[in-house]
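Visitor: What follows is a structure written as structure tokens; I'll ask about it next.
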Amino acid sequence: MRNLLLVEPLLENYTSLPAAIQAGAKRVALADNLAVGGTTVSKGTMGEAVRYAHEHQVSLDLLIAPRGGQAPYNDVEIKIMEADLLEAQQLGVDGVIFGGLTAARQLDTEALRPLVAAAGGMTLTLSTVFDTIRPQDRGAAVDWLAEQGFDRVLSVGDAQDQSADWTASQRLLSSAGIKLVPTNVAPDQRDQVAAQLNVHSFLNVQD
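28 is the number of the first residue of the sequence shown in the numbering used here; add one for each residue after it.
This is the structure we're talking about:
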């Protein structure tokens, strides 16, 4: 099973990209400021990363976030994210990763709707904000994500019972045609997690 697993490295800025591709990555995610959870890279970095990745037949995902943290985004921050998404689209980025929550820990559909529109043509991945949504609200969140065309959801799982949390999330997501992507799974645990959840892709901060 090990050879069938795709581990997408989450890289901090362009400088890590060539080494990751040389090491065999076929899909990479790019962000800046990972110490605060990740922010959007600059326009110049976007352009060079797309060029280099595509020259090497590698798919590029970009994290879109104006700042770290999961506090609700305000109108100005949403406009910044929209502009970054449009820029990414014009540069030929393959996919984008973003999320948004309300103060009540629900999916902020009002904030996310214009972002989805700005991301037209790119694959959509929900960030790990899914883990923060209350279990009783996740079904409605998944329905909305499916309606909007999201392909994947990143999840580190509940630290108190990661296995049970992932299993419940996988059940909801798979029924809606969305892929669960376990995030930051230790290399020696990936085969076990893949078998348990019937997943084949992981995302990890570059290890």
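Here a beta-carbon is modelled for each residue, glycine too, at the ideal position from N, C-alpha and C.
Because the structure is a prediction, the values reported are computed rather than measured.
(1) Going by DSSP in three states, lysine 206 sits in which element: helix, strand or coil?
(2) Could you check what DSSP says for serine 43 in three-state terms: helix, strand or coil?
(3) Alpha carbon to alpha carbon, how far is valine 232 from valine 212?
(4) Phenylalanine 177: which of Gln187, Arg140, Trp193 sits nearest, CA to CA?
(5) Would you say leucine 87 and valine 120 are within 7 Å of each other, going by their C-beta atoms?
(6) Assess, as a yes-or-no matter, whether the region 88-95 is touched by the region 61-76 under the definition of 3 or more beta carbon pairs within less than 8 Å.
(7) Taking a contact to mean a Cβ-Cβ separation below 7 Å, would you say leucine 224 touches glutamine 197 in this structure?
(8) Considering only the alpha carbon of each residue, which of Glu82, Ala222, Asp215 lies closest to threonine 194?
(9) Return helix, strand or coil for phenylalanine 235, following the three-state DSSP convention.
(10) Are there 16 or more other CB atoms within 10 angstroms of the CB of arginine 179, so buried, or fewer, so exposed?
(11) May I ask you to report which of helix, strand or coil DSSP gives glycine 119?
(12) For the region 67-77 against the region 107-121, are there 3 or more C-beta pairs whose distance is under 8 Å?
(13) To the nearest angstrom, report how far apart aspartate 135 and valine 156 are at their CA atoms.
Guide: Quick look at the numbers:
(1) Lysine 206: strand per DSSP, three-state reduction.
(2) Shown here, serine 43 sits in a helix according to DSSP, grouped into three states.
(3) In a straight line, the C-alpha of valine 232 is about 9 Å away from that of valine 212.
(4) Comparing alpha carbon positions, the residue from Gln187, Arg140, Trp193 closest to phenylalanine 177 is Arg140.
(5) In contact: leucine 87 and valine 120 (Cβ atoms closer than 7 Å).
(6) Output reads yes: the region 88-95 touches the region 61-76.
(7) In this structure, leucine 224 places its C-beta atom within 7 Å of the C-beta atom of glutamine 197.
(8) Checking every option, the nearest Cα to that of threonine 194 belongs to Ala222.
(9) Limits of the chain in this structure are 28 at one end and 234 at the other, which puts residue 235 out of reach.
(10) Counting C-beta atoms within 10 angstroms of its own C-beta, arginine 179 has 16 or more neighbours from the protein chains shown and is therefore classed as buried.
(11) In this structure, glycine 119 counts as coil in the three-state DSSP scheme.
(12) At 8 Å Cβ cutoff, the stretches touch.
(13) Between aspartate 135 and valine 156, the C-alpha separation is close to 10 Å.
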